[in-house]
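Student: Structure provided below as structure tokens; questions to follow.
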Amino acid sequence: MPYLPTSQSYLEQSSLLLQAYPDTRITTKYTFPRTSTSTKPSSSTTQSQQPTSTEETEPKPRIAVLELKTYHPGSGICLKYRTNKGAEVGRLITSLGKLAAGADVEGLGLGNNPTTAAGGGAAGDVEMGDAPTAAATAEGQTVAGEGGNTGAAGKGGKGKKKGGKGKR
Amino acid sequence: MPAHLGHEEFFTSLTTLLNNTSQRTRGSVYLTQKPLLNTTTESASQPSILIRATDGNTNAPNPRTAEAKKKVSKSGSAASKVKISTVVSPDDLEAFYARYAEVCKAGMTGLKKRDRKKGKAKGKKEGGKVIKG
Chain A
8 MPYLPTSQSY LEQSSLLLQA YPDTRITTKY TFPRTSTSTK PSSSTTQSQQ
58 PTSTEETEPK PRIAVLELKT YHPGSGICLK YRTNKGAEVG RLITSLGKLA
108 AGADVEGLGL GNNPTTAAGG GAAGDVEMGD APTAAATAEG QTVAGEGGNT
158 GAAGKGGKGK KKGGKGKR
Chain B
47 MPAHLGHEEF FTSLTTLLNN TSQRTRGSVY LTQKPLLNTT TESASQPSIL
97 IRATDGNTNA PNPRTAEAKK KVSKSGSAAS KVKISTVVSP DDLEAFYARY
147 AEVCKAGMTG LKKRDRKKGK AKGKKEGGKV IKG
């Protein structure tokens, strides 16, 4: 059950899986993770005369997790992606709609020149032989890694520019 | 199993389900989509999509906590499990998912908000592009 590093690679791999097996299902789980084993069993039962001490309101608000899972019951293939960023929700759900409508990798409209090229490469691999989904996944991950690198490089460039402005 | 809901009812129920979960900051909501494959009629190019939403009974009181000691709740908790579903025909998919995305965005308030830094950087980036153009 691999977690894919980016939503992009998750959606690409899912679309390939859906094309190969139309009866694949996608589950979106919105969940608040369990709190770590709470060792406060008896303190809460002793009724609160000092509520401040017993109810230590958590300093940080609990953050929910959104987990997408693409699963094909016949083959047992399972792809996962998880995030906790609210900004991604709209885009992810819209993409799920495109997947449901049977969109292929290019139909997802994920843009970005290098990544679409990579998507094409992955699709080629799957067409050649249906079996190596693992290989395809691996490739997706490496591609994603490259994308991350280039992104970092781009950020570096901007940083330099900003620095230049500051000096002037 | 209850009958499938209409889209309107589905969205109303889903909104309350997501809001309840977000407010309680515990529990889960599961959304599933899968195509309804008719083996009898293969003529349809695109199958309808079945959408299910459930809380997996995670909003039932935690039996371990002292508050949930009431033994009556056992039968009540099983009944409180939320299960809703709807069927979307291929023609309605786009409109449905646009709405679906809105409902989810509005309901999943427990996720991290977009940080300010990011927004600022984005604005700068756009500004730079404009100057270049």
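Chains as they are written, first to last, in the numbering used here: chain A, 8 to 175; chain B, 47 to 179.
Glycine residues also receive a C-beta, built at the ideal position from the N, C-alpha and C atoms.
Since the structure is predicted, the reported quantities are computational estimates derived from the model, not experimental observations.
Would you give the residue range spanned by the beta strand (DSSP E) that residue 33 of chain A belongs to?
Tutor: Here the beta strand (DSSP E) through residue 33 of chain A covers 32-39.
Student: Where does the unbroken beta strand (DSSP E) through residue 79 of chain A begin, and where does it stop?
Tutor: Looking at the DSSP string, the run of the beta strand (DSSP E) that includes residue 79 of chain A is 72-79.
Student: With distances taken between CB atoms, is the gap from residue 39 of chain A to residue 132 of chain B smaller than 8 Å?
Tutor: Going by C-beta atoms, residue 39 of chain A is not nearer than 8 Å to residue 132 of chain B.
Student: Quick one: Cα of residue 32 of chain B to Cα of residue 106 of chain B, how far?
Tutor: For residue 32 of chain B there is no data in the structure shown, the boundaries of chain B being 47 and 179.
Student: Am I right that residue 101 of chain A and residue 14 of chain A are in contact with their C-beta atoms under 8 Å? What's the rounded C-beta distance?
Tutor: Residue 101 of chain A to residue 14 of chain A, Cβ: 11 Å. No contact.
Student: For residue 116 of chain A, does the three-state DSSP call read helix, strand or coil?
Tutor: It is coil, neither helix nor strand.
Student: Is residue 172 of chain B close to chain A? Criterion is C-beta to C-beta, closer than 8 Å.
Tutor: With a pLDDT of 49 at residue 172 of chain B, under the threshold of 50, the predicted position of this residue should be treated as unreliable, and no value is reported.
Student: Can you name the residues that DSSP bridges to residue 95 of chain B?
Tutor: Partner(s): B/81, B/134.
Student: Confirm, please, whether the CB-CB distance from residue 74 of chain A to residue 87 of chain A is below 8 Å.
Tutor: Going by C-beta atoms, residue 87 of chain A is nearer than 8 Å to residue 74 of chain A.
Student: Between the Cα of residue 68 of chain A and the Cα atoms of B/159, B/92, B/57, B/148, which residue gives the shortest distance?
Tutor: Ranking the options by Cα distance to residue 68 of chain A, first place goes to B/159.
Student: Taking C-beta pairs closer than 8 Å, name the residues in chain B that residue 100 of chain A reaches, listed in chain order.
Tutor: Going along chain B in sequence order, the residues near residue 100 of chain A (Cβ under 8 Å) are 143, 146, 147, 150, 151.
Student: Work out the CA separation of residue 54 of chain B and residue 135 of chain B for me, nearest whole Å.
Tutor: Approximately 14 Å between the Cα atoms of the pair.
Student: What residue from B/154, B/83, B/56, B/102 has the CA that sits closest to residue 142 of chain B's CA?
Tutor: The candidate whose alpha carbon is nearest that of residue 142 of chain B is B/56.
Student: Straight-line CA distance for residue 18 of chain A to residue 81 of chain B?
Tutor: For residue 18 of chain A and residue 81 of chain B, the distance between alpha carbons rounds to 17 Å.
Student: So if DSSP puts residue 84 of chain A in a beta bridge, which residue, or which two residues, is it bridged to?
Tutor: Bridge partners of residue 84 of chain A: A/79.
Student: Check the Cβ of residue 80 of chain B against every Cβ in chain A and list those closer than 8 Å, keeping chain order.
Tutor: Correct list: 30, 31, 32, 33.
Student: Residue 67 of chain B CB to nearest chain A CB: under 8 Å?
Tutor: Interface residue, yes.
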